[in-house]
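A.B. asks: Here's a structure for you.
Numbering (the numbering used here), first residue to last: 79 to 220.
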């Protein structure tokens, strides 16, 4: 059953959107859930993964592995995690590509923009406006 009439459920259109997505759109699609303690702390379910976040792999052969995100490979929709590697036949070590939906963020690399995203997505503040914002908006009214 279709819940939102503004979104398409067409397989053809969804595949086209997925494969022709811009880098900005891919960033949002490459989101991962936050761990239980981070969810309780920030009241945010998920965030786009970025370099220097610490993650734990929850699904697949590498389940249980933890490490820092070395790269977000948007073209392939994968992330590379520190200790999630494999050895090639010639002896070279390469990173295994992991889908961001298969990891949980355990530590966030915090900066100004990330803090703003967490404040905006905070579930506890939904529907509430802070007094400081209202005062600023009413400053020029008369």
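We put the beta carbon where it would ideally sit given N, CA and C, even for glycine.
Quick one, are the C-beta atoms of residue 150 and residue 127 less than 9 Å apart?
C.D. replies: yes
A.B. asks: What do you reckon, are the CB atoms on residue 142 and residue 176 nearer than 9 Å?
C.D. replies: no
A.B. asks: By DSSP, does residue 211 sit in helix, in strand, or in coil?
C.D. replies: Its pLDDT being 48, under 50, residue 211 is placed unreliably by the model, and the measurement read from it follows with that caveat. Reduced to three states, the DSSP call for residue 211 is helix.
A.B. asks: Taking 8 Å as the cut-off, does the region 87-102 touch the region 113-123 (at least 3 CB pairs, one atom from each stretch)?
C.D. replies: no
A.B. asks: On the three-state DSSP scale, how would you describe residue 196?
C.D. replies: helix
A.B. asks: Would DSSP call residue 149 helix, strand or coil?
C.D. replies: strand
A.B. asks: Could you have a look at residue 85 and say whether DSSP puts it in helix, strand or coil?
C.D. replies: When DSSP states are grouped into helix, strand and coil, residue 85 belongs to the coil group.
A.B. asks: Just to confirm, are residue 173 and residue 159 a CB contact at a threshold of 9 Å?
C.D. replies: yes
A.B. asks: Rounding to the nearest angstrom, what Cα-Cα distance links residue 200 and residue 155 in this structure?
C.D. replies: Rounded to whole angstroms, the gap between the alpha carbons of residue 200 and residue 155 is 26 Å.
A.B. asks: Considering only residues of the same chain and omitting the five flanking positions on each side of residue 211, which have a CB-CB separation below 7 Å?
C.D. replies: Low local confidence applies: a pLDDT of 48 at residue 211 is under 50, so the model's placement there is unreliable, with the coordinate-based value given in what follows. Within the same chain, residue 211 has no close Cβ partners at all.
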